[in-house]
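Residue numbers (the numbering used here): 45 to 454. Heads up, the beta-carbon is just placed ideally off N, CA and C, and yes, glycines get one too. Note that this is a predicted model, so its numbers are computed, not measured. Everything on this sheet refers to the single structure shown next.
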Ligand SMILES: Cc1ncc(COP(=O)(O)O)c(C=O)c1O
C-alpha cells in the first residue's frame with residue numbers, strides 16, 4: 045500500500061510538538077497558514093493585529109489580505125522580540141490578536157504576554173517561522189498561545205523547500221483550519237518536480253565554502269522566477285493578495301519533511317552547540333550577545349550579532365568565504381522603502397530600526413563544522429573593530445537585556 049506521506053508528516057509534526065495531529069493543518073507556505081488562521085478567527089475589517097516592528101513583510105501582508113490592520117510595536121535590543129510593555133501600550137478596543145515572534149529562534153518571554161492577552165480576551169498567535177524546536181519553560185514553542193504558524197521554507201529550522209503548517213489549540217479552531225486545508229488546490233506536478241530538483245541540488249551543493257556563490261545564484265534565479273524563491277515579487281511591492289496565493293502542501297514536500305524530521309533532534313542539538321560556541325566567543329570578546337534566559341531553550345536558527353557597517357562587513361565576509369546571513373535588513377524585511385502601504389511609519393520604532401540597520405547572523409546549520417567554527421572565530425577576532433562594542437560601563441559584567449536598552453544599544 046502507498047504510504048500517505050502527508051498524514052505521516054502531520055503525525056511526525058504532532059509528535060515533535062507533543063500535540064494531537066488533529067490540531068495540525070498544512071499549507072503551501074507559513075504566511076498562508078497565518079492568513080487562514082486570521083480568517084478562521086474571523087479577524088478582518090476594522091480589527092487590529094499587533095506584531096513586532098521587526099518582521100518579514102509577508103506577515104503584515106497576510107493581515108492586510110484578511111482586511112485587518114497591522115499595529116506595530118517596537119522590539120527589545122537583545123531578545124529581538126516585542127516586550128509586554130510595548131504590546132500593552134498598543135492595545136485598543138479593536139485589538140483582536142497579538143503575534144509573538146521567535147526571531148532567529150530566540151524564545152520570547154511568553155507568560156506575561158499570555159496573561160495580558162487573557163485579561164483582554166485577545167488571541168495569541170505565535171509566529172514560529174524561526175522557532176520550531178525551541179522551548180519555553182519546557183513546552184514546545186508554538187504550543188503556548190491559541191495558535192501558531194510555522195515555516196519549512198529553505199532556511200528554516202527544517203526545510204521542505206517551501207511549506208508551512210499551523211497548530212491550533214482549541215478543537216473548534218483546529219477543525220476550522222482542517223476544513224480550510226481541505227479546500228486548498230494541490231500544487232502542480234511541475235511545481236513539485238521543480239522543488240524536488242532544487243532540494244536535491246541544495247543537498248549536494250550547499251557547503252559553507254559555496255555559501256556566497258550559491259546565495260547570489262539563488263537570489264538571481266528567484267528574481268527571474270527560475271527557482272522557487274520564498275516571495276513573489278508582487279508581495280514585496282503591493283499589499284494586494286497575489287493570484288493563487290493559497291496552495292496545498294504537496295506530497296513530495298511531505299516526504300522531504302519526514303526525512304528532515306527523522307533527524308531533527310540531532311540538528312537541534314548541533315544548532316544549540318554551535319550557538320553556545322558563538323556565545324562563548326562573543327562573551328570573551330566582550331561584545332553584545334542575545335539574551336539567553338533560564339526560562340527558554342532557544343532553537344538558535346541563527347546567532348544574531350551587530351556590526352557598525354553592514355555592507356563593508358558583508359564584503360569582507362564574502363572575500364574570505366565566511367558564511368554570514370543578512371536577514372531582517374529592514375523592519376519589514378526585505379522591503380527597503382515605501383513602507384506606508386503596510387501602515388508602517390518609519391521613525392516610530394527606534395530599536396527595531398536600529399537593529400535592522402546593524403544586524404547580521406551566523407549560521408548554525410548541520411554543515412557548520414569545527415573547522416568552519418575556527419575560521420569564523422578567527423575572522424571575527426581579526427575584524428573585531430567592525431563589530432558593535434558593549435558600552436564601556438557594561439564591559440566585564442554579565443549583561444542583562446534591560447541594561448543594554450538603558451545604555452542606548454537599541
Ligand atoms: C519572521 C517570519 N515570519 C513569517 C515568515 C513566512 O514564512 P513563509 O515563507 O513560509 O511564508 C518568514 C519567512 O521567512 C519569517 O522570517
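Query                                                                                                                  : Result
Secondary structure of residue 45, DSSP reduced to three states                                                        : For residue 45, the predicted structure reports a pLDDT of 47, less than 50, and the residue's modelled location is therefore unreliable. A value from the coordinates is still provided. Of the three classes helix, strand and coil, the one that applies to residue 45 here is coil, per DSSP.
Range covered by the alpha helix (DSSP H) that runs through residue 242                                                : 233-249
Sequence-distant residues of the same chain with beta carbon closer than 7 Å to residue 127, five excluded per side    : 120
Residue 411 vs residue 252 beta-carbon contact at 8 Å                                                                  : yes
Spatial neighbours of residue 50 in its chain, beta-carbon cut-off 8 Å, leaving aside the 5 residues before and after  : 70, 293, 295 and 298
Assigned secondary structure, residue 264 (DSSP; H/G/I helix, E/B strand, else coil)                                   : helix
8 Å Cβ cutoff met for residue 112 and residue 86                                                                       : no
Check whether residue 375 and residue 396 have beta carbons under 8 Å apart                                            : yes
Option in 187, 60 and 291 with minimal Cα separation from residue 214                                                  : 187
Same chain only: Cβ atoms within 6 Å of residue 450, ignoring 5 sequence neighbours per side                           : none
Distance cut-off 7 Å: residue 73 Cβ against heavy atoms of ligand 1                                                    : yes
Straight-line Cα distance separating residue 436 from residue 61                                                       : 42 Å
Own chain residues within Cβ distance below 6 Å of residue 255, not counting five before or after                      : 367
Inter-stretch contact at 8 Å, needing at least 3 Cβ pairs: the segment 128-145 / the segment 161-168                   : yes
Environment of residue 248 [buried if 16+ CB atoms lie within 10 Å]                                                    : exposed
Cβ neighbours of residue 321 in the same chain (closer than 7 Å, five flanking residues each side left out)            : 417
Contact set for residue 351: own chain, Cβ-Cβ below 7 Å, skip 5 residues either direction                              : 357, 402, 404, 430, 431 and 432
Pair within 8 Å by beta-carbon distance, residue 189 and residue 343                                                   : no
Distance CB(residue 466)-CB(residue 202) smaller than 8 Å                                                              : This structure leaves residue 466 out entirely; the chain is present only between 45 and 454.
Given 8 Å, three or more beta-carbon pairs between the segment 172-180 and the segment 331-342                         : yes
Test item: CB-CB of residue 443 and residue 333 under 8 Å                                                              : yes
Inter-residue spacing [alpha-carbon to alpha-carbon] between residue 211 and residue 147                               : 18 Å
Residues near residue 383 by beta carbon distance below 7 Å, same chain, minus five either side                        : 376 and 390
From 122, 88, 123 and 97, residue whose alpha carbon lies closest to that of residue 106                               : 88
8 Å Cβ cutoff met for residue 445 and residue 335                                                                      : yes
Inter-residue spacing [alpha-carbon to alpha-carbon] between residue 419 and residue 264                               : 28 Å
Cβ neighbour criterion (16 or more within 10 Å) applied to residue 197                                                 : buried
C-alpha gap between residue 407 and residue 104, whole angstroms                                                       : 26 Å
Residue 219 (DSSP reduced to helix, strand or coil)                                                                    : helix
For residue 117, three-class secondary structure by DSSP                                                               : strand
For residue 237 and residue 199, the rounded distance between their alpha carbons                                      : 20 Å
Bridge-paired residues (DSSP) for residue 350                                                                          : 403
Contact under 8 Å by Cβ, residue 78 with residue 193                                                                   : yes
Residue 157 versus residue 90 - alpha carbon distance                                                                  : 23 Å
Close-in-space but distant-in-sequence residues of the same chain around residue 45 (CB under 6 Å, 5 per side omitted) : Caution is warranted here: a pLDDT of 47 is assigned to residue 45, below 50, making its placement in the model unreliable, and no coordinate value can be reported.
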